[in-house]
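Peer 1: Once you've had a glance at the structure underneath, I'll fire off some questions.
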Amino acid sequence: MTKKTFLGAMAVVTAVALTGSALVASNMGFKLNYSLTQPGALPVDGTNVLALPDNRQTGLNDAKALMDDIGFNNVTNVSRYIKATNAFQTYTGRKNGGLAFPLAAGEGYYVKMLTTTNYVIVGSDDPAITYNLTQPGALPVDGTNFFAYNYHQTAADAKALMDDIGFNNVTNVSRYIKATNAFQTYTGRKNGGLAFPLVPGEAYYVKMLTTVNYAPSHY
Amino acid sequence: MTKKIVFGVALALVIVGIAAPSASAACNPPKSISTYNSGTGAFVYYKTTLLDANKLVGTVWSASGQHAGTACNEGPLATTFLYFGATPGDIGMNLSLGDGCVVGCPSGTASFQITASNAAGAVQTIVSKVNEVSGAVNFDVSTQAPADLQLGNAPRPRATSSTRTAPNVNLTIGLDSSAALYRNGTGADITGFNIVSASGLTDPGPSAAAYTLRSFVAAPGGAAGTGAASVDCSNIANDQWVAAQVVSATGGGAASVGPRTRVKCDPTLANPKYNVVPKKGMGTTTQN
Chain A
1 MTKKTFLGAM AVVTAVALTG SALVASNMGF KLNYSLTQPG ALPVDGTNVL ALPDNRQTGL
61 NDAKALMDDI GFNNVTNVSR YIKATNAFQT YTGRKNGGLA FPLAAGEGYY VKMLTTTNYV
121 IVGSDDPAIT YNLTQPGALP VDGTNFFAYN YHQTAADAKA LMDDIGFNNV TNVSRYIKAT
181 NAFQTYTGRK NGGLAFPLVP GEAYYVKMLT TVNYAPSHY
Chain B
1 MTKKIVFGVA LALVIVGIAA PSASAACNPP KSISTYNSGT GAFVYYKTTL LDANKLVGTV
61 WSASGQHAGT ACNEGPLATT FLYFGATPGD IGMNLSLGDG CVVGCPSGTA SFQITASNAA
121 GAVQTIVSKV NEVSGAVNFD VSTQAPADLQ LGNAPRPRAT SSTRTAPNVN LTIGLDSSAA
181 LYRNGTGADI TGFNIVSASG LTDPGPSAAA YTLRSFVAAP GGAAGTGAAS VDCSNIANDQ
241 WVAAQVVSAT GGGAASVGPR TRVKCDPTLA NPKYNVVPKK GMGTTTQN
């Protein structure tokens with residue numbers, strides 16, 4: 001399905017939503033213009049975080065499809081975080097560039113850009129889905145989860161997200177800041193930083209203390 | 001291995017290097033060092049007897065180099081990762097190693113120096129280290145024993161002699177042992193002290209960024225040491241403030257310096273001939 005077709009389908013879904021009461025906002029389709037930016041003056045190196053919807057457009061199933069959908073020549077690579085190794089798997093789409101790993105609902109991704117692209121994210125979130133946010137295990141598993149923030153989620157900042165997951169189950173939430181090529185972390189505890197706002201399209205690190213099957217509160 | 005295979009392996013390594021997701025300046029995903037563990041509820045404070053301490057400076061390093069130094073204490077990237085507790089003398093620490101001020105990422109073990117100072121120029125410090133663990137805090141200071149949290153007096157350079165070679169004042173310097181301040185085996189990583197100086201009418205304070213390197217005094221493990229340093233007194237309107245900056249083999253110079261020794265630059269004050277106490281000649285008697 002092309003984006004055009006998909007958007008058409010979404011319009012139908014929206015119309016159904018307006019005429020009936022079976023559908024709720026959380027599983028309506030959405031379209032999001034999300035800017036994936038290229039390298040600039042150091043330390044800006046073209047790294048972007050990306051949260052895709054639970055229900056992605058048809059065919060958007062792996063790292064290669066994501067690069068193609070953004071525009072292959074505009075993208076240097078796509079990476080996913082692997083909890084078991086506390087490290088990353090990266091796909092470049094070029095020779096010796098790794099395997100095109102599958103995309104999964106709830107996972108955040110890094111997209112390293114070569115050329116700035118306004119990426120149109122389309123799809124819908126699944127209000128019934130739960131995300132398995134897992135606690136620390138034996139090293140190197142330290143409770144870090146790279147979470148794809150939902151478009152229809154009610155939690156608007158880092159504190160609200162921690163509260164929605166269960167504050168005592170969460171150690172901290174971090175966001176990536178392009179300008180510094182580093183992270184801002186919020187713990188909710190003393191000297192624990194500011195509760196930064198959450199932005200649809202962005203993925204966040206959620207470091208867990210206790211495993212939670214998280215069903216986000218949504219509109 | 002043939003050249004072709006070597007080239008292939010090298011190419012793969014290059015691609016992996018290029019492909020590694022960034023936030024290259026810091027830990028990705030972020031790690032943390034803290035005196036409070038939200039998982040266990042345990043917390044500790046570093047302790048200083050400087051109850052009027054008004055400035056804290058911290059340095060973090062590991063075998064892979066210094067991670068949190070001047071940038072985490074001074075300037076636009078500075079983060080308040082050290083803080084005073086409610087009780088005077090208590091010092092807490094909470095640092096996200098994903099912060100923009102952090103360089104690289106410690107793995108396995110992290111060492112850190114905590115320095116507290118007051119307006120009068122007194123400085124207390126401690127150097128300690130913790131191993132990386134899996135849990136709410138990656139480098140969990142809350143497990144440290146009280147003796148590993150108690151700051152002590154940082155060494156002050158003692159000018160044991162001086163000469164003047166205009167415009168410099170040349171100092172012979174002694175440093176007392178501070179070995180007891182290097183806890184948990186961190187002494188093995190301490191190579192000595194940079195002797196640094198800064199010009200000014202007032203004490204420049206404890207931040208190493210304010211000083212210029214003059215010399216290095218070898219003092220393995222923080223043992224007593226001696227050395228020399230020349231300070232520039234071409235501007236006699238100012239004085240020179242001389243301090244010792246602890247140096248580790250892996251982390252380099254710390255972000256803080258110890259207490260300062262003031263060197264008067266005005267030759268009318270520094271020239272020894274004005275400070276000589278005249279000896280009385282043999283047979284001189286005191287007249288009543």
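Protein chains in written order, with the working numbering: chain A, 1 to 219; chain B, 1 to 288.
Yeah, the Cβ is synthetic: ideal placement off N, Cα and C, and Gly gets one too.
I'd like the span of the alpha helix (DSSP H) that includes B/Thr70, first residue to last.
Peer 2: It spans 70-73 - the alpha helix (DSSP H) in which B/Thr70 sits, taken as one unbroken run.
Peer 1: With H, G and I counted as helix, E and B as strand and the rest as coil, what does DSSP make of A/Met28?
Peer 2: Coil.
Peer 1: Which same chain residues end up closer than 8 Å to B/Thr191 when comparing Cβ atoms and leaving out the 5 residues on each side of it in sequence?
Peer 2: The answer, listed in chain order, is Ala218, Ala219, Pro220, Val247, Ser248, Ala249.
Peer 1: Comparing the C-beta of B/Asp99 with each C-beta of chain A, is any distance below 9 Å?
Peer 2: At least one chain A Cβ lies under 9 Å of B/Asp99.
Peer 1: Against chain B, which members of the stretch 99-123 of chain A pass a CB distance test of less than 8 Å?
Peer 2: Answer set for the stretch 99-123 of chain A: Tyr110, Lys112.
Peer 1: Between the C-alpha atoms of A/Gly166 and B/Arg158, what's the straight-line distance to the nearest angstrom?
Peer 2: Each residue's Cα considered, the two are about 56 Å apart.
Peer 1: Can at least three beta-carbon pairs, one atom from the stretch 30-46 of chain B and one from the stretch 132-150 of chain B, be found at a separation below 8 Å?
Peer 2: Yes, they touch.
Peer 1: Nearest CA to the CA of A/Tyr43: which residue from A/Leu198, A/Thr185, A/Asn181, A/Tyr109?
Peer 2: One point to set straight first is that residue 43 of chain A is Pro, not Tyr, in the sequence displayed. Per the Cα distances, A/Asn181.
Peer 1: To the nearest whole angstrom, what separates the beta carbons of A/Asn48 and A/Leu60, a pair I think is in contact under 8 Å?
Peer 2: Between A/Leu60 and A/Asn48 the Cβ distance is about 17 Å, and since that is not below 8 Å, they are no contact.
Peer 1: Could you give the uninterrupted runs of the beta strand (DSSP E) lying entirely in the stretch 82-120 of chain B, keeping only those of 3 residues or more?
Peer 2: Qualifying beta strand (DSSP E) stretches, in chain order: 82-84, 90-96, 109-117.
Peer 1: What are the boundary residues of the alpha helix (DSSP H) that includes A/Ala65?
Peer 2: Counting along the chain, the alpha helix (DSSP H) containing A/Ala65 begins and ends at 63-70.
Peer 1: What does the alpha-carbon distance come out to for the pair B/Val263 and B/Asn194?
Peer 2: About 17 Å.
Peer 1: Who are the Cβ neighbours of B/Leu201 in its own chain at under 8 Å, not counting the five residues just before and after it?
Peer 2: Taken in chain order, the residues that qualify are Ala237, Asn238, Asp239.
Peer 1: Spatial neighbours of B/Glu132 within its chain, please: CB distance less than 8 Å, with the 5 preceding and 5 following residues excluded, ordered by chain position.
Peer 2: So the qualifying residues of the chain are Lys31, Pro106, Ser107, Gly108, Thr109, Ala110, Asn138, Phe139.
Peer 1: How far does the alpha helix (DSSP H) with A/Ile165 in it reach, from first residue to last?
Peer 2: First-last of the alpha helix (DSSP H) with A/Ile165: 158-165.
Peer 1: Beta-carbon within less than 7 Å of A/Asn86's beta-carbon, same chain only, minus the 5 sequence neighbours each way: which residues are those?
Peer 2: So the qualifying residues of the chain are Pro140, Val141, Asp142, Thr144.
Peer 1: Tell me the rounded alpha-carbon separation between A/Pro39 and A/Asn118.
Peer 2: A/Pro39 and A/Asn118: Cα-Cα distance of roughly 15 Å.
Peer 1: Report yes or no: is there a C-beta of chain B within less than 9 Å of the C-beta of A/Gln57?
Peer 2: By this cut-off, A/Gln57 is not an interface position.
Peer 1: Enumerate, from N- to C-terminal direction, the unbroken beta strand (DSSP E) stretches of 3 or more residues contained entirely within the stretch 170-226 of chain B.
Peer 2: You should have 190-200, 212-218.
Peer 1: Is it right to say A/Arg94 is buried, meaning 16 or more other beta carbons lie within 10 angstroms of its own, or is it exposed?
Peer 2: Classification for A/Arg94: exposed.
Peer 1: Going straight from the alpha carbon of B/Thr115 to that of B/Ala53, what length do you get?
Peer 2: Between B/Thr115 and B/Ala53, the C-alpha separation is close to 10 Å.
Peer 1: I'd like to know whether the C-beta of A/Glu202 is nearer than 9 Å to at least one C-beta of chain B.
Peer 2: No, its Cβ sits nowhere closer than 9 Å to a Cβ of chain B.
Peer 1: Enumerate, from N- to C-terminal direction, the unbroken beta strand (DSSP E) stretches of 3 or more residues contained entirely within the stretch 55-139 of chain A.
Peer 2: Here the runs fully enclosed are 75-82, 87-91, 108-113, 117-124, 131-133.
Peer 1: Tell me the DSSP secondary structure of B/Val16 in three-state form.
Peer 2: With a pLDDT of 41 at B/Val16, under the threshold of 50, the predicted position of this residue should be treated as unreliable, though the coordinate-derived value follows. The answer is helix: DSSP assigns B/Val16 an H, G or I state.
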